[in-house]
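The opening position of the sequence shown corresponds to residue 20 in our numbering, with each subsequent residue numbered one higher. All C-beta atoms, glycine included, are put in the ideal place defined by N, C-alpha and C. Structure record follows, encoded as structure tokens.
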Amino acid sequence: MWRLWPKTRYKALREPSILYTSSFLGGDSPNRTHRINKVKGPFLLFYEHIYVIAVVTAVSVVAAFFVTASMEPAYRSQARCYVAAQSNTVSLTTEEGNIPTSPLLPTPNADFQDSMLGILQGADTRALVATRIEGRDSKWLEKNVEFGIDRFNLVVISAFDPDSKMALLMANEYLRAFQEKLDVTTRDQARERRTTFATGIKKADITLQDQQNQRVAFLRANGSIDFDAELNEVGTRQSQLESNLIQFATSIATAASRKVELAKQIEVRPSTIESASTTVNNPAAEQLQRNLGEVKRELASLRLTYMDEHPLILAKLQDVAVLEAEIASEDARILGTTTTTLDALSNDLESQLLNLELDEKGFVIKQQMAEAELAIVKERRLELSLKKAELDALDAEIRAVRTNLSNYRERMAELDVYMSRTSTFLQIPELPVEATEPYFPILWVNLLVAGILGITVGVGLVIVITNVRSYREAVLW
């Protein structure tokens, strides 16, 4: 047995026109000459073996046809829905929430979309749909119903079934169950809120009745007076008394200063005045005149004996000067008899002083009475203020309860209007329809895929056959 060297074999494959001769045990054998066939191109190679590719492809297509024909067809019914991003509200007190500001479009919120898919894929939703469809249990629905979100943010419900009517029923029931889930959940929540408001209204009515009874009892206990009017009267009286006290204090101060002035005037004014008088010679002056005459006679007698510088002369001169000074200080005439009467001005001043003292005492008494009345008025005003504050607190509580009661009733009325509405949260732009053709298997797709696979397998088979043949021709034994 012989074989070519690797380089020689490669050259023989690349140059099939070269003729090679092998020898056995050193001997040449001209009958053992082999020529390597020339290597052909792929198209020529496939052309020569086209029957293989055609047979494999034909077998694949025929098999695909029979397999497709033997498969049970499945029909698809599809629905698209969404929940609007904008909430649909209703209000009885304002039109702001009732007027739409934008179209109802699908929400792009991924979490919200996942929540909707979670509701659709939930076991309770599946069980609800299964109870409404005869012959399809929950397990069948789990395998043959799909949910997703398309690129338009719409929830897609796809139901598959061998019966097109059953597929339509499944899609419709899932759509209805989804709609009921959303509406029932929301309406249950609204119903719970309405119950809460009803309870709040009942309690508020009881509280309001109790507070009104307290107010009536308070008014009866206080004589059903008008606190505002009486407070105004008491305030006016208090202001008047305070003004009177200021006037009394001013009058007392004025009377005191006037008393001081009158006392000074009375002090400098005599109580009586002379009405008639007579004058006589002053005896003291006459005696001094006689004494002066005697002293002068003695002085004249001494001058006859002594000089003027003599001490006796000087003494007499001094006595003369003293007597002359005394005479000069004495009036020659003095009052003899006088007649006096009371001073009218002084008497009037004393009368004014007495009147001022009486007025001052009256002002003090009035001041004391006004102060006592002012204390009573202030106490009454404080009492009225406290009672009015208590009444205002009761009125504020009543107003607050009435406001809450009005709000509760408005909210409950809105909930009643909402629960009476027939609109739904779920918007359905695409309702499911009955399929006229099966969704799968699709014959032409299966045949096309089978043809492509047959051609691929045929080409691969040709390549394998060619390689095996080349190998067998290259290996000589």
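Which residue's Cα is closest to the Cα of residue i: the options?
i           : options               : result
residue 338 : 325, 78 and 317       : 317
residue 421 : 192, 68 and 223       : 223
residue 165 : 330, 376 and 190      : 190
residue 253 : 394, 408 and 74       : 394
residue 200 : 251, 174 and 144      : 144
residue 261 : 213, 241, 389 and 376 : 389
residue 378 : 210, 198, 267 and 77  : 267
residue 73  : 304, 480, 123 and 486 : 480
residue 157 : 457, 249, 463 and 192 : 192
residue 445 : 413, 403 and 205      : 205
residue 451 : 103, 61, 175 and 401  : 175
residue 178 : 195, 160 and 172      : 160
residue 153 : 432, 126, 342 and 182 : 182
residue 91  : 180, 103, 104 and 63  : 180
residue 407 : 286, 245 and 348      : 245
residue 278 : 369, 126 and 320      : 369
residue 286 : 250, 172 and 365      : 365
residue 309 : 335, 342, 320 and 322 : 342
residue 375 : 281, 396 and 434      : 281
residue 416 : 367, 231 and 155      : 231
residue 247 : 322, 401 and 473      : 401
residue 437 : 255, 465 and 202      : 202
residue 396 : 486, 275 and 255      : 255
residue 433 : 69, 217 and 414       : 217
residue 319 : 335, 276, 306 and 305 : 335
Tell me whether residue i sits in a helix, a strand or coil according to DSSP, three-state version.
i           : result
residue 461 : coil
residue 11  : Summary: the structure shown does not reach residue 11, with the chain confined to residues 20 through 496, and so no result is reported for it.
residue 66  : helix
residue 51  : In this predicted model, residue 51 has a pLDDT of only 41, less than 50, meaning its place in the structure is not dependable; the value taken from the coordinates is given anyway. Residue state, collapsed to three classes: strand.
residue 282 : helix
residue 92  : coil
residue 98  : strand
residue 103 : strand
residue 57  : With a pLDDT of 49 at residue 57, under the threshold of 50, the predicted position of this residue should be treated as unreliable, and no value is reported.
residue 25  : Interpretation of residue 25 is limited by its pLDDT of 41, a score under 50 that renders its predicted location unreliable; the figure taken from the coordinates is listed afterwards. The answer is helix: DSSP assigns residue 25 an H, G or I state.
residue 223 : helix
If you measure from the beta carbon of residue i to each beta carbon in chain C, is any gap under 8 Å?
i           : result
residue 253 : Here there is only one protein chain, and chain C is not present.
Compute the minimum distance between the beta carbon of residue i and the heavy atoms of the ligand ADP, and state whether it is under 7 Å.
i           : result
residue 317 : The model depicted lacks the ligand ADP and carries no ligand whatsoever.
Can you grab the Cα-Cα spacing for the pair residue i / residue j, in whole Å?
i           : j           : result
residue 447 : residue 476 : 48 Å
residue 101 : residue 141 : 18 Å
residue 386 : residue 392 : 10 Å
residue 75  : residue 493 : 28 Å
residue 233 : residue 418 : 14 Å
residue 312 : residue 372 : 57 Å
residue 345 : residue 314 : 14 Å
residue 236 : residue 229 : 11 Å
residue 329 : residue 302 : 34 Å
residue 209 : residue 428 : 14 Å
residue 327 : residue 340 : 15 Å
residue 221 : residue 128 : 40 Å
residue 257 : residue 283 : 39 Å
residue 458 : residue 215 : 51 Å
residue 403 : residue 409 : 10 Å
residue 332 : residue 348 : 25 Å
residue 462 : residue 456 : 11 Å
residue 124 : residue 173 : 10 Å
residue 213 : residue 227 : 20 Å
residue 478 : residue 491 : 20 Å
residue 65  : residue 483 : 12 Å
residue 219 : residue 431 : 10 Å
residue 163 : residue 198 : 20 Å
residue 196 : residue 443 : 13 Å
residue 465 : residue 439 : 54 Å
residue 77  : residue 489 : 27 Å
Stretch-stretch touch, CB-based, cutoff 8 Å, three pairs: the region 84-99 with the region 452-469: yes
Does the region 422-429 touch the region 141-151, meaning 3 or more C-beta pairs lie closer than 8 Å? no
Taking contact to mean at least 3 C-beta pairs separated by less than 8 Å, is the region 92-107 in contact with the region 168-187? yes
Which full runs of the beta strand (DSSP E) of 3+ residues lie inside the region 377-451, going along the chain? 445-449
Counting only runs that start and end within the region 293-347, where is the alpha helix (DSSP H) found for 4 or more residues in a row? 302-324
If you scan the region 128-182 from start to end, which runs of the alpha helix (DSSP H) of 4 or more residues do you find wholly inside it? 129-139, 142-151 and 157-163
Any contact between the region 167-182 and the region 126-135? By contact I mean 3 or more CB pairs, one from each, below 8 Å. yes
Touching or not, the region 270-287 and the region 375-392, by the rule of three or more beta carbon pairs under 8 Å? yes
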